[in-house]
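In our numbering, the protein residues as written are 46 to 395. Even for Gly, the Cβ is constructed at its ideal location relative to N, Cα and C. Predicted model, so just to flag it, every value in this text is computed and none were measured.
Below, the structure is given as structure tokens:
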């Protein structure tokens, strides 16, 4: 069976009872874990004698222990559930792997065997053991993949999470939360919980978000790049002070700042070549991060490709100095900010 989405799996469940092998995995491991927890909880409610008919294993279990449980008949019930979390297939010996794959072929209809991954990454492209595991799971059962959510998908998900808590959130405000906190689902989940607790029931506004939602380091640095590109001296130093107050590492600040100006340069070159702001996504990895290109087009304002090249040169020079001299990294960053502002205002830094 081909890999299916979470939505397709819901429809499959609604259509009838499941049996056999299940696998939940993907880049969005938080969603894989949540889906597994919900599936287990739903099954547990339906299973007679769950102490006997629900058996759970982790990565320390042996292949023999897992499939002894899988092959055992349910106790006074039509089905049983066996779950296996974060099983480290890539560390198995050749003999253990062969036994695992062979047993996966023969899961009885009286058992649902769920493998799910939330803390172990499955790399089916580079690792042969994982590839064989995925292929066998696809042949013998149902594989549900949870890919990384993109900007619009994240906005929709946040709106749904707010609705579940009896709050109303618009797509525009959802985008504001993402731009402030990043795209990590667990972080976003925490922020929406905080917002709904703060609002109670009702509409979540921009004012609520600005008051409650925590900005991550990356967001603050991108705001700094915006201020620098606009020649805003006071705003730039205020944001830099905020980063230092949060005890952010200067090397990390410089890395994110560099990536912001690289985005601007790529977009500027694309526009000057007759393309659009989205053209760099054809050549570089912006999957799930397309908003960075939109922000880059907005932030670069009237900066020319020549000015951006000069700024990138200053960033590289500062990076070398941070890694090769004993000069205070804070001093180097403050000096860099001043030099970038000079370039942005049309001066030539030397």
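Considering only residues of the same chain and omitting the five flanking positions on each side of residue 350, which have a CB-CB separation below 8 angstroms?
The sequence position of residue 350 within the chain shown is 305, counting from 1. The residues are 310, 313, 314, 317.
Hey, would you say residue 249 sits closer than 8 angstroms to residue 207, going by beta carbons?
Sequence index remark: in the chain shown, residue 249 carries index 204 (1-based). Sequence index remark: in the chain shown, residue 207 carries index 162 (1-based). Result yes, Cβ atoms of residue 249 and residue 207 sit closer than 8 angstroms.
Looking only at DSSP bridge pairs, what is residue 49 linked to?
In the chain shown, the residue the question calls residue 49 occupies position 4. Paired residue(s): 189.
Between which residues of its own chain and residue 271 is the CB-CB distance below 7 angstroms, once the five residues before and five after are set aside?
Numbered from its first residue, the chain shown carries residue 271 at position 226. Once the five neighbours on either side are set aside, the close Cβ partners of residue 271 are 344.
Report the residue from 228, 335, 342, 243 whose alpha carbon sits nearest the alpha carbon of residue 262.
As a position in the chain shown, residue 262 is number 217, starting the count at 1. When each option's Cα is compared against that of residue 262, the closest is 228.
Measuring only the C-alpha atoms, how far is residue 92 from residue 170?
Indexing the chain shown from 1 puts residue 92 at position 47. Indexing the chain shown from 1 puts residue 170 at position 125. Computed Cα separation, rounded: 37 angstroms.
So, at 8 angstroms on beta carbons, what are the nonlocal neighbours of residue 100 in its own chain, with the 5 sequence-adjacent residues on each side left out?
To locate residue 100, count along the chain shown from 1; it is residue 55. Here the set comprises 114, 125, 126, 127, 128.
Please classify residue 205 as buried or exposed, where buried requires at least 16 other C-beta atoms within 10 Å of its C-beta.
As a working note, residue 205 is residue 160 in the chain shown. Exposed: under 16 other Cβ atoms inside 10 Å.
For residue 211, collect the residues of the same chain with a Cβ closer than 8 angstroms to its Cβ; drop the 5 residues on either side in sequence, then sort them by chain order.
The residue labelled residue 211 in the question sits at position 166 within the chain shown. Excluding sequence neighbours, residue 211 sits near 241, 246.
Short of 7 angstroms in beta carbon distance, which residues of its chain neighbour residue 287, apart from the five on each side in sequence? Order them along the chain.
For the purposes of this step, residue 287 is taken as the residue at position 242 of the chain shown. The residues are 265.
Helix, strand or coil, according to DSSP, for residue 120 in the structure here?
Here the question's residue 120 lines up with position 75 in the chain shown. Here residue 120 sits in coil by DSSP.
Mind checking which residues open and close the alpha helix (DSSP H) that includes residue 290?
Indexing the chain shown from 1 puts residue 290 at position 245. Residues 278-290.
Take the Cβ of residue 200 as the centre, count every other Cβ of all protein chains shown within 10 Å, and call the residue buried at 16 or more, exposed below.
Walking along the chain shown from the start, residue 200 turns up at place 155. Burial call: buried.
Which value, in whole angstroms, describes the spacing of the CA atoms of residue 179 and residue 193?
Indexing the chain shown from 1 puts residue 179 at position 134. Indexing the chain shown from 1 puts residue 193 at position 148. If I take the Cα positions, the gap works out to 18 angstroms.
In the DSSP assignment, find the unbroken beta strand (DSSP E) run with residue 157 in it and report its ends.
Taking the chain shown and counting its residues from 1, the one referred to as residue 157 is at position 112. Element bounds for residue 157: 156-161.
I'd like to check one pair, residue 108 with residue 133: are the Cβ atoms closer than 8 angstroms?
What you label residue 133 is simply residue 88 of the chain shown in a count that begins at 1. What you label residue 108 is simply residue 63 of the chain shown in a count that begins at 1. Taking 8 angstroms as the Cβ cut-off, residue 133 and residue 108 do not qualify as a contacting pair.
Could you please give the first and the last residue of the uninterrupted beta strand (DSSP E) stretch that includes residue 125?
Here residue 125 refers to the residue found at position 80 when the chain shown is read from its first residue. Element bounds for residue 125: 125-130.
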